[in-house]
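To get my numbering, take the position in the first sequence, counting from 1, and add 4. What follows is a single structure, written as structure tokens, with notes after it.
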Amino acid sequence: MKEQVTSLIISAIQSLQKEGVLPDDCKYTVRLDRTKDKSHGDLASNIALALAKSAGKNPRQLAQLISDKLPESSLVSKAEIAGPGFLNFFLNSASQFAVIEKIIQEKNQFGLSDIGKGKKVQVEFVSANPTGPLHVGHGRGAAYGATVANLLAATGFDVCREYYVNDAGRQMNILATSVWLRYLELLKVDITFPSNGYQGEYVKDIAQSMHEKMGDTFLKPADAIFNQVPADLSVDASGQESGDKEAHIDGLIENARTLLGQENYQILFNAGLNSILDDIREDLKGFGVEYQEWFSERSLADDDSIDLAVKQLQKSGHIYEQNGALWFRSTAFGDDKDRVVVRDNGQSTYFASDIAYHMNKFNRGFEKVINVWGADHHGYVTRVKAALSALEIDSDKLEVRLVQFAILYRGTERVQMSTRSGSFVTLRQLREEVGNDAARFFYVLRKSEQHMDFDLDLAKSQSKDNPVYYVQYAHARICRVLEKLTEQGKVWDTEQGLKSLELLITDRERDLSKKLAQYPEIIEKAALQHEPHILAHYLKDLAADFHTYYNASKMLIDDDALRNARLSLSIAAKQVLNNGLLLLGVSAPDSM
RNA sequence: GCGCCUGUAGCUCAACUGGAUAGAGCAACAGCCUUCUAAGCCGUAGGUUGCAGGUUCAAGUCCUGCCAGGCGCACCA
Numbered sequence: 005m006k007e008q009v010t011s012l013i014i015s016a017i018q019s020l021q022k023e024g025v026l027p028d029d030c031k032y033t034v035r036l037d038r039t040k041d042k043s044h045g046d047l048a049s050n051i052a053l054a055l056a057k058s059a060g061k062n063p064r065q066l067a068q069l070i071s072d073k074l075p076e077s078s079l080v081s082k083a084e085i086a087g088p089g090f091l092n093f094f095l096n097s098a099s100q101f102a103v104i105e106k107i108i109q110e111k112n113q114f115g116l117s118d119i120g121k122g123k124k125v126q127v128e129f130v131s132a133n134p135t136g137p138l139h140v141g142h143g144r145g146a147a148y149g150a151t152v153a154n155l156l157a158a159t160g161f162d163v164c165r166e167y168y169v170n171d172a173g174r175q176m177n178i179l180a181t182s183v184w185l186r187y188l189e190l191l192k193v194d195i196t197f198p199s200n201g202y203q204g205e206y207v208k209d210i211a212q213s214m215h216e217k218m219g220d221t222f223l224k225p226a227d228a229i230f231n232q233v234p235a236d237l238s239v240d241a242s243g244q245e246s247g248d249k250e251a252h253i254d255g256l257i258e259n260a261r262t263l264l265g266q267e268n269y270q271i272l273f274n275a276g277l278n279s280i281l282d283d284i285r286e287d288l289k290g291f292g293v294e295y296q297e298w299f300s301e302r303s304l305a306d307d308d309s310i311d312l313a314v315k316q317l318q319k320s321g322h323i324y325e326q327n328g329a330l331w332f333r334s335t336a337f338g339d340d341k342d343r344v345v346v347r348d349n350g351q352s353t354y355f356a357s358d359i360a361y362h363m364n365k366f367n368r369g370f371e372k373v374i375n376v377w378g379a380d381h382h383g384y385v386t387r388v389k390a391a392l393s394a395l396e397i398d399s400d401k402l403e404v405r406l407v408q409f410a411i412l413y414r415g416t417e418r419v420q421m422s423t424r425s426g427s428f429v430t431l432r433q434l435r436e437e438v439g440n441d442a443a444r445f446f447y448v449l450r451k452s453e454q455h456m457d458f459d460l461d462l463a464k465s466q467s468k469d470n471p472v473y474y475v476q477y478a479h480a481r482i483c484r485v486l487e488k489l490t491e492q493g494k495v496w497d498t499e500q501g502l503k504s505l506e507l508l509i510t511d512r513e514r515d516l517s518k519k520l521a522q523y524p525e526i527i528e529k530a531a532l533q534h535e536p537h538i539l540a541h542y543l544k545d546l547a548a549d550f551h552t553y554y555n556a557s558k559m560l561i562d563d564d565a566l567r568n569a570r571l572s573l574s575i576a577a578k579q580v581l582n583n584g585l586l587l588l589g590v591s592a593p594d595s596m
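Next comes the structure, spelled out in structure tokens:
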């Protein structure tokens, strides 16, 4: 509908160009917006304001000229000039209700489009280190990434949802060693658990199952375990600190490796990794988040991708050596300092893996790559983009979305989260407490870069204050009406309903229908801008329009034609609510 | 100190990427249940968009400088 009105404007401008009123070469894009104010009609364009300068006319004058040249159309009942020179279009009522039939025909296809034209897009999200369960911060990234991916798929992009598994590196060694030490505790070895080890209960669980499976295979005496290990951090009675927690844990890792041998160490390492990764997979799946690809960081070392990436940078002269390490000259691409890619001990850094990983992404042919990262990683954006530029990959093809943290509240009380003690609030706890639907909806209710307050009490409450219930309730209400219809021994006569749409004459009916017609544009906008909150807010508004309508007009009335017309409108609303909620990963219940 | 993000009604947030009189929901006040779920609906009130300049027909939105909050500045991942 928008396109058709836009083409009217374009043809008016073209005829003005022919007459020499407007220069032939003037550049313009016709913008046509939905109006906020009903007195401004249904659609408005600022074209006369934008072209006033190149036409050498004042905006209102130009608007009049354009208006005079507008071709006749059955859609538009009138076009008028208003304010500083806006062109306001009023649609006739038949075209306003046409959307109802379209929705009823297209069902769950309504709102889908092919503007993505099958372009390959990757959305990488969550990608939390497999060193412990997902917490509520990851939940926001999960809900955001999954919804963006759904939106892109709905608009015709070829989407790959990917999780980057950090299955290499020091943190994983700390996990493996933590598991081993907990295992040793089960065997009554007298040890003090390191302050920098993973403290969570889940580590003990992994140790327990390791013990059940392997018996005392990994048993070593305490003095060997702590042999030559620097003292751990400790604080004495006067508050004086001594020792070094980092050196302490590194010493323990070293001893674990030598005492256990490569093979046994690897068994422990994999036990920790697999157990936690399985848990993460299961957690995300339960949250309605599915991936096409779980990409292993370790695989990049195993297949020499990292070496290859470094060599390629070397070849193009972006690498230099200093103090025995290899540095990438990222300052040449706007970074504030150069970065090490291979350490003086010959080990490549995490950043080197990241370069190889991003090279790999673009080698797979993605035309657009979206990384969803926690806001604390924003420092990495510049250097990763620098690496892409150095590899002669267009860094604009990479879009990094930084998701801010969510702060949990119970009413007005802030919920403290401490990672230290291992007693953080996990995503699973959140899901159990408020339910998947509320969690998914709340997480995407805010723009991604907005700090967010997540009120647990509100998410659980069954009232209109809670936007999830509010939207779901609208859907359930319509289902209930249909149930009631059946109880009355009647059926919805689709054909009669669609033929009788002109009986829908109230403002509320027109408002609701207008809202429904907006849905495809909303999906498109939310998808292209990668902003799910646009959809969430829209569904809230749609639900509000429906509740208003429901309260004002009774549907199950004796007048067959009007009843079927109203049912058609409501069923269209139900369909759109259903389609929108599906994209958000939220259920559309038949009853509540 | 440098960099990124944020600052909009008492609170939580929008505002179609520069458009018309800045909008919702809570909370406050005032109404609506012999009616398909009152898990809802309808009003009223609430603003110098952190501050100060600038750009233009037009600025919450763009540029500059301040102020406040968050996050980051490793041969860790």
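Think of the CB as a built atom: it goes at the ideal place given N, C-alpha and C, for glycine as much as any other residue. Since we're looking at a predicted model, the values are computed, not measured.
Helix, strand or coil: how does DSSP classify PHE114 here?
-> Here DSSP, grouped into helix, strand and coil, assigns PHE114 to coil.
When burial is assigned at 16 or more other CB atoms within 10 Å of the CB, is LYS578 buried or exposed?
-> Buried.
Quick one: what does DSSP say GLY378 is sitting in, helix, strand or coil?
-> Here DSSP, grouped into helix, strand and coil, assigns GLY378 to strand.
Please name the residue or residues paired with GLU297 in a DSSP beta bridge.
-> Beta-bridge pairing links GLU297 to GLU166.
Would MET559 be called buried (16 or more neighbouring beta carbons within 10 Å of its own) or exposed?
-> Buried, since its Cβ has 16 or more Cβ neighbours within 10 Å.
Please name the residue, chosen from ALA569, PRO593 and GLY584, that lies closest to GLN113 on a Cα-to-Cα basis.
-> Considering only alpha carbons, the answer is GLY584.
Between VAL407, LEU520, GLU491 and ILE526, which lies nearest to PRO147 when the distance is taken from Cα to Cα?
-> The residue you asked about is not Pro; residue 147 is Ala in the sequence shown. Distances from the alpha-carbon of ALA147 to those of VAL407, LEU520, GLU491 and ILE526 put VAL407 closest.
Can you have a look at GLY243 and say buried or exposed, based on whether 16 or more other CB atoms are within 10 angstroms of its CB?
-> Exposed: under 16 other Cβ atoms inside 10 Å.
Through-space distance from ASN375 to LEU312, alpha-carbon basis | Roughly 23 Å between the two C-alpha positions.
Output the distance between the C-alpha atoms of SER425 and LEU138, rounded to the nearest integer angstrom.
-> Low local confidence applies: a pLDDT of 47 at SER425 is under 50, so the model's placement there is unreliable, with the coordinate-based value given in what follows. Cα-Cα distance, rounded: 15 Å.
Quick one: grab the DSSP three-state call for TYR413.
-> In this structure, TYR413 counts as strand in the three-state DSSP scheme.
Counting only runs that start and end within the stretch 9–84, where is the beta strand (DSSP E) found for 3 or more residues in a row?
-> Entirely contained in the stretch 9–84, the beta strand (DSSP E) runs reaching 3 residues are, in chain order, 36–38 and 47–49.
Output the residue ranges of the alpha helix (DSSP H) runs that lie fully inside the stretch 483–521 and measure 4 residues or longer, sorted by chain position.
-> Runs of the alpha helix (DSSP H) inside the stretch 483–521: 498–503.
LEU489 versus LEU571, PHE273 and ALA275, residue with shortest Cα-Cα distance = Shortest Cα-Cα distance from LEU489 to any of LEU571, PHE273 and ALA275 involves LEU571.
Which of helix, strand or coil does DSSP assign to ARG333?
-> DSSP places ARG333 in coil when its eight states are reduced to three.
From LEU26, ALA52, TYR474 and ASN231, pick the residue whose C-alpha is nearest to that of ASP549; which is it?
-> Minimum Cα distance to ASP549 is reached at TYR474.
Tell me, please, which residues DSSP counts as bridged to VAL407.
-> VAL407 is bridged by DSSP to GLY378.
Note down, in chain order, each residue of its chain lying with its Cβ closer than 8 Å to the Cβ of LYS111, except the 5 sequence neighbours on either side.
-> The residues are GLN579.
Is the stretch 154–174 in contact with the stretch 209–222, if contact means three or more CB pairs nearer than 8 Å?
-> Between the stretch 154–174 and the stretch 209–222, the count of Cβ pairs shorter than 8 Å is below three; the stretches do not touch.
Taking three-plus beta-carbon pairs below 8 Å as touching, is the stretch 468–487 in contact with the stretch 74–89?
-> With the cut-off at 8 Å, the stretch 468–487 and the stretch 74–89 do not touch.
Please look up how many angstroms separate the CB atoms of SER300 and VAL169, rounded, as I've assumed it's under 8 Å.
-> Indeed they touch by this definition, with Cβ atoms about 5 Å apart.
First and last residue of the uninterrupted alpha helix (DSSP H) at LYS319 | Here the alpha helix (DSSP H) through LYS319 covers 309–319.
Counting Cβ pairs, one atom from each stretch, are 3 or more of them under 8 Å apart for the stretch 38–51 and the stretch 86–101?
-> Put simply, the stretch 38–51 touches the stretch 86–101. At least three CB pairs are less than 8 Å apart.
Figure out for me which residue from LEU588, ASP306 and GLY173 has the closest Cα to the Cα of LEU543.
-> LEU543 has its Cα closest to that of LEU588, out of LEU588, ASP306 and GLY173.
Give the secondary structure of LEU223 by DSSP, where H, G and I count as helix, E and B as strand, and everything else as coil.
-> LEU223: coil per DSSP, three-state reduction.
Proximal residues to SER595 (C-beta, below 6 Å), its chain only, five neighbours per side dropped = Excluding positions up to five away in sequence, the list reads ALA480.
Which residues in the same chain have their Cβ closer than 8 Å to the Cβ of LEU12, if we skip the five residues on either side of it in sequence?
-> Once the five neighbours on either side are set aside, the close Cβ partners of LEU12 are LEU74, PRO75, SER77 and VAL80.
Quick one, are the C-beta atoms of GLY115 and ALA410 less than 8 Å apart?
-> Taking 8 Å as the Cβ cut-off, GLY115 and ALA410 do not qualify as a contacting pair.
Separation of LEU185 from ASN470, as counted between CA atoms | In a straight line, the C-alpha of ASN470 is about 46 Å away from that of LEU185.
Would you mind giving the Cβ-Cβ distance between ALA132 and ILE284, rounded to the nearest angstrom? I have them listed as a contact below 8 Å.
-> The Cβ separation is near 7 Å, so the contact holds.
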